[in-house]
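Using our numbering, the first residue of the sequence shown is number 77, and each one after it goes up by one.
Glycine included, C-beta positions come from ideal geometry on N, C-alpha and C.
All figures in this text were calculated on a predicted structure; none of them were measured in a lab.
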Amino acid sequence: MHNFVTARGTIANQFVQQSHQLGHLLYWHKHGNVSIQVRQDKTLRWLLINDTLQSVVEKDHPEQLLFPHLQTLAAIWRDLPTPNKVLELGLGGGAIRDYLHAIYPECNVLSIDNNPDIVHCYKKYFSGEQGCSVACMDADTALSGSQRYDWIILDLFSEMDAPMFLFQHPFYQLLRAALNHDGWLFINFLAEHPSQRQRLEHLLITNFGKKPRIETVADYANHIIAIKR
77 MHNFVTARGT
87 IANQFVQQSH
97 QLGHLLYWHK
107 HGNVSIQVRQ
117 DKTLRWLLIN
127 DTLQSVVEKD
137 HPEQLLFPHL
147 QTLAAIWRDL
157 PTPNKVLELG
167 LGGGAIRDYL
177 HAIYPECNVL
187 SIDNNPDIVH
197 CYKKYFSGEQ
207 GCSVACMDAD
217 TALSGSQRYD
227 WIILDLFSEM
237 DAPMFLFQHP
247 FYQLLRAALN
257 HDGWLFINFL
267 AEHPSQRQRL
277 EHLLITNFGK
287 KPRIETVADY
297 ANHIIAIKR
């Protein structure tokens, strides 16, 4: 499997395209139109939704970020003050959680996902934590409480199509209100067309009063977006 890891330490496109056929199957569950798989080989374990790769971790070093867009996020984080409290919207295989716990061991990270099967897979196949702070709820519920966060990390894509609420003003009002005064919002945004990115940028400018930082991930559809409250 090492042939599928590039010299930069990221997963090769070939692995992304073939991941639903590689390794051996640990878990498979289908509910309605959504199927979830967990697969692994000797060194890697990964999560797929409808044959689309969501997360991949190195089993002996789960803190290693293997997706290029996550490495882009980490490069931005290195220049920022250490967070005390982080909310992750979208769990997957927990690669972001693992990284944050390794780099910022004192940080309190709450990860939420609205799919109970994803939460189950994380706890059974990916989590090394005892009593980890992971909850099954939707994003609006997580943001509507009294908690305030230094960072909110938004990674809610299960496939290419963006959830509709990502293009609605009330959602960004909730996000801004849930951030501390100097808090940061980070979005992993997949855009099929430039107009989608432009629409999201307009929403952020309208609700935050400033232009976001946007990093395009080479050879991928991902755009990493960062904006301060």
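* Looking only at DSSP bridge pairs, what is E134 linked to? -> L120, H137
* Asked: Which term fits A253, buried or exposed, when burial requires 16 or more other beta carbons within 10 angstroms of its beta carbon?
  -> exposed
* To do: Starting from the N-terminal side, write out each stretch of the alpha helix (DSSP H) that is 4 residues or longer and does not extend beyond the segment 216 to 278.
  => 245 to 253
* Asked: For the candidate residues S203, R224, A215, M213, whose alpha-carbon lies nearest to that of D136?
  -> S203
* If you scan the segment 127 to 199 from start to end, which runs of the alpha helix (DSSP H) of 4 or more residues do you find wholly inside it? -> 144 to 153, 171 to 179, 192 to 197
* From L255, V92, V132, Y103, residue whose alpha carbon lies closest to that of R173 -> V132
* Asked: If you compare alpha carbons, which of F80, H100, Y103, T292 is closest to Q93?
  -> F80
* Ignore the nearest five residues each way along the sequence and tell me which others in D117's own chain have a CB closer than 8 Å to its CB. => M77, L98, G99, H100
* Asked: Shortest alpha-carbon distance to K304 belongs to which of N191, G259, N264?
  -> G259
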